[in-house]
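K.L.:
Remember, our numbering sits 56 above the position in the sequence shown when you count from 1.
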Amino acid sequence: MKKPISVRTGSNLTKVRAENLSVVLDALRKLQPISRADLAEATALTSATITYLVDELLELGLIEEHKATSKQVGRRPTLLTLRGAAGKIVGLEVSRSMVRGILTDLGGKILKRMELAHRLEGGVDETLSLVHKVIQTLLEGEGRPVGIGVGIPGPVDTAGGVVMEPTNFVHGWRNVPLGPLLAQRWGVPVWLDDDAKTAALGERWYGAGQGVENLLYVSLRSGVGAGLIVRDRLYRGTHELAGEIGHTTINVDGPRCGCGNHGCAETYVSVPAIVEYARSQGLRVADPQSIQNLALLEDPVAVAVKQRTYHYLAAVLVNAVNHYDPDLIILGGTLVRAWPDLCAQVSEKVRGRSFGFLSKDVRIIPAQLGEHSAALGAVALVVEQVIRNPKLVQNAPVPDYSVA
Ligand SMILES: [Zn+2]
C-alpha cells in the first residue's frame with residue numbers, strides 16, 4: 057500500500073527501545089564525560105531506563121566508565137564516555153585529483169592516513185584500484201572496521217550508494233554503484249555522500265562547527281558545493297541536490313555554465329573560472345596560490361582579480377544567508393587555503409549587503425580541518441549509523457544495496 061505522505065507512523069516497544077538506545081548514545085557523544093543522572097536529565101528518560109540502556113551500551117563495549125577526579129569529600133560520580141577503541145572506521149575522500157583516506161577510532165581520532173594522486177582520465181577502474189589500495193594500506197594489521205564512509209563529488213544516491221553524474225567528473229562516472237562495490241570487496245557496510253556534505257559534517261563534528269546546530273559549509277575549489285546542517289542534521293533535499301550552491305544564478309545575463317544555466321556562481325568563483333579570468337587579464341598563473349603571490353607583491357591586476365572574486369562570492373553568500381539564516385558559515389577548499397584574507401574580506405562585504413537583522417549575527421569563518429574535512433565527515437557518516445544502530449559494532453552486516 058502506498059503510504060499517504062501525511063500519515064505518521066507509530067512505534068512498537070522494540071522500536072522504542074532501539075530509539076532510546078540511540079538517543080542515549082547520541083547525548084553521550086555530545087555531552088561526554090557525563091554521569092548517569094545528567095544523562096537522565098538531558099534525555100528526559102527515567103533513571104531506571106538510563107541504567108538499563110547504559111548497561112546495554114557497556115555490554116556492547118561502546119562506552120566506558122571513569123571515576124570523576126574530584127577533590128571533594130564524598131562519593132565521586134561515575135562518568136561515562138564513548139569508547140573510541142570500540143571500533144575503527146575508514147573515511148575516504150575521492151576528489152578530482154586525489155584519493156585521500158584516514159583510519160580513525162570511533163571517537164574520530166585519526167590513527168593512520170594515506171593519500172594517492174589521482175587522475176580522472178584513467179576511468180572508473182583506475183580510480184577504484186587506487187581506492188582499494190588506500191583501504192588496504194589503512195587496514196593492514198588492523199581488525200575488521202565497523203564501516204567505510206566515502207565523500208565524493210555529487211550528486212550521490214545515498215540510499216543505493218550510487219555516484220550519479222558529477223559535473224566535471226566525467227570519464228565513465230555515471231551511475232557507478234561505488235557503495236555496493238566497496239561493500240562487496242571489503243565485507244563491511246559502506247555509506248557515501250557528496251563531498252561538500254561530508255565536509256560539512258566533518259566540520260560540524262570535529263572542526264569549526266562544533267556545538268552549532270544550523271550551519272552552512274561552502275567548498276570553494278574546482279567546483280563550488282555546499283552542505284547545509286539544520287538542527288544538527290544534514291539537509292539533503294528531495295533529490296539529494298540541496299547544496300548545489302555553485303549553480304545558483306548570480307548574474308542572469310552571465311556566461312553559460314556546464315549545467316545549462318547562465319551566470320552560475322561556479323562561472324565566477326570556482327578555481328578554474330578565477331584562473332581563466334586572471335589569464336584573460338594578462339596574468340600568467342595556473343592556480344590561486346600564484347595569484348596570491350602576485351597580490352602580495354601588490355600586482356594591481358592580481359589584487360583586482362581577488363576583489364572581483366570576493367564581490368561575487370559575497371553575492372553567493374548573501375543569497376545563502378537570506379535563504380537559510382544559518383548561525384555560522386564555514387568556508388573551505390583550496391581557494392580558502394590559498395587566500396588567507398578571504399573570510400574577513402567576504403564577511404565585510406556580506407555585512408554591507410544584507411539586512412541588519414540578518415547580517416549582524418552571521419559569522420563567516422574558515423574550515424578548521426583543512427584537507428581532512430571531507431574524509432573526517434565520511435567517518436562521521438559511519439558514526440551516525442552506529443549511533444542509530446549501536447549493534448553495528450558487534451555484527452556489522454553488509455547492507456542491502458540491491459539497486460533496481
Ligand atoms: Zn551551473
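The beta carbon of each residue, even a glycine, is placed where N, CA and C say it ideally should be.
Fair warning: this is a prediction, and the values are worked out from it, not measured in the lab.
1) Looking at residue 207 and residue 251, is the spacing between their C-beta atoms short of 7 Å?
2) Identify which residue in 305, 176, 118 has its Cα closest to the Cα of residue 325.
3) With DSSP as the reference, label residue 82 as helix, strand or coil.
4) Counting only runs of 3+ residues fully inside the region 232-295, write out the beta strand (DSSP E) ranges in chain order.
5) Could you pull the start and end residues of the beta strand (DSSP E) that residue 444 belongs to?
6) Suppose you measure from the CA of residue 235 to the CA of residue 276; what does that come to, to the nearest Å?
7) For residue 458, which residues of its own chain have a beta-carbon under 6 Å away from its beta-carbon, when the five flanking residues on both sides are left out?
8) Any heavy atom of ligand 1 closer than 6 Å to the Cβ of residue 303?
9) Thinking C-beta only, is residue 260 closer than 7 Å to residue 431?
10) Pull up the distance between the alpha-carbon of residue 317 and that of residue 150, whole angstroms please.
11) With three or more beta-carbon pairs closer than 8 Å as the criterion, would you say the region 390-410 touches the region 239-256?
12) Whose C-alpha, out of 96, 99, 102, 90, is nearest the C-alpha of residue 133?
13) Express the C-alpha separation of residue 222 and residue 176 in angstroms, rounding to a whole number.
14) Heavy atom of ligand 1 less than 6 Å from the Cβ of residue 399, yes or no?
15) Since residue 438 contacts residue 212 with CB under 8 Å, what's their CB separation in whole angstroms?
16) Over what stretch of residues does the alpha helix (DSSP H) that includes residue 176 continue unbroken?
17) Report the residue ranges of all beta strand (DSSP E) runs contained in full by the region 125-160; include only those spanning at least 3 residues, in chain order.
18) Which same chain residues, not among the five before or five after residue 366, have their C-beta less than 8 Å away from its C-beta?
19) Using a threshold of 6 Å, is the CB atom of residue 475 nearer than that to any non-hydrogen atom of ligand 1?
20) Verify the contact flag: residue 317, CB atom, against every heavy atom of ligand 1, threshold strictly below 6 Å.
21) Under a three-way DSSP split, which group does residue 302 fall into?
22) Output the distance between the C-alpha atoms of residue 379 and residue 407, rounded to the nearest integer angstrom.
23) What is the residue span of the alpha helix (DSSP H) that residue 353 lies within?
24) Would you check if the distance between the CB atom of residue 135 and the CB atom of residue 142 is smaller than 7 Å?
25) Considering only residues of the same chain and omitting the five flanking positions on each side of residue 67, which have a CB-CB separation below 7 Å?
26) Cα-Cα, which of 440, 189, 381, 167 is closest to residue 173?
27) Could you spell out the range, first to last residue, of the beta strand (DSSP E) harbouring residue 63?
28) Suppose the cutoff is 8 Å on Cβ atoms and the five residues either side in sequence are ignored; what does the same chain contact list for residue 444 look like?
29) What are the boundary residues of the alpha helix (DSSP H) that includes residue 123?
30) Quick check: what's the CA-CA separation for residue 348 versus residue 340?
31) Can you tell me where the beta strand (DSSP E) with residue 200 in it begins and where it stops?
32) Are the beta-carbon atoms belonging to residue 372 and residue 329 less than 7 Å from one another?
33) How about residue 410 and residue 255: are their beta carbons less than 7 Å apart?
34) Fully enclosed by the region 347-417, which alpha helix (DSSP H) runs are 4 residues long or longer?
35) Anyone know if the C-beta pair for residue 121 and residue 139 falls short of 7 Å?
P.N.:
Result, derived from the coordinates:
1) Less than 7 Å separates the beta-carbon of residue 251 from that of residue 207.
2) That would be 305, whose Cα lies nearest to the Cα of residue 325.
3) In the structure shown, residue 82 sits in a helix (DSSP, three-state: H, G or I).
4) Complete beta strand (DSSP E) runs here, min 3: 246-250, 271-276, 280-286, 289-291.
5) Premise fails: residue 444 lies in the alpha helix (DSSP H), 429-444, not in any beta strand (DSSP E).
6) Distance from the CA of residue 235 to the CA of residue 276, rounded to the nearest whole angstrom, comes to 26 Å.
7) Reliability of the predicted coordinates at residue 458 is poor, the pLDDT of 41 falling under 50, and the value obtained from them is presented with this limitation in mind. In the same chain as residue 458, and ignoring 5 residues on each side of it, no C-beta atom comes closer than 6 Å to its own.
8) Yes, ligand 1 has a heavy atom inside 6 Å of this Cβ.
9) At a Cβ-Cβ threshold of 7 Å, residue 431 and residue 260 do not count as neighbours.
10) Cα-Cα distance, rounded: 26 Å.
11) Contact between the region 390-410 and the region 239-256 is absent: fewer than 3 CB-CB pairs across the two stretches fall below 8 Å.
12) Closest option to residue 133, Cα to Cα, is 90.
13) Approximately 12 Å, taken between the alpha carbons.
14) No.
15) Contact between residue 438 and residue 212 fails: their C-beta atoms lie close to 15 Å from each other, not under 8 Å.
16) Taken as a continuous stretch (DSSP letters only), residue 176 belongs to no alpha helix (DSSP H), as it is neither H nor E.
17) Complete beta strand (DSSP E) runs here, min 3: 134-138, 144-150.
18) Leaving aside the five residues that flank residue 366 on each side, the residues in its chain whose CB is nearer than 8 Å to its CB run, in chain order, 398, 401, 402, 405.
19) Missing from the structure shown is residue 475; the chain here goes from 57 to 460 and no further.
20) Yes, the Cβ of residue 317 comes within 6 Å of a heavy atom of ligand 1.
21) It is helical.
22) As the crow flies, the alpha-carbon of residue 379 is around 15 Å from that of residue 407.
23) Careful: residue 353 lies outside any alpha helix (DSSP H) and carries neither H nor E.
24) No, the Cβ-Cβ distance between residue 135 and residue 142 is not below 7 Å.
25) Apart from the 5 residues on each side of it in sequence, residue 67 sits with its Cβ closer than 7 Å to the Cβ of 75 in its chain, given in chain order.
26) Residue 189 is the option with its Cα nearest to residue 173.
27) Residue 63 -> no beta strand (DSSP E), and no H or E assigned at all.
28) Cβ within range, chain order: 78.
29) No alpha helix (DSSP H) contains residue 123, which is instead part of the beta strand (DSSP E) from 119-123.
30) Using only the alpha carbons, I get a separation of about 12 Å.
31) In this chain, residue 200 is not harboured by any beta strand (DSSP E), its DSSP state being neither H nor E.
32) No, the Cβ-Cβ distance between residue 372 and residue 329 is not below 7 Å.
33) No; because the gap between Cβ atoms is not below 7 Å, this pair is not in contact.
34) Listed in chain order, the complete alpha helix (DSSP H) runs (minimum 4 residues) inside the region 347-417 are 356-380, 390-394, 398-409, 412-415.
35) Cβ atoms of residue 121 and residue 139: not closer than 7 Å.
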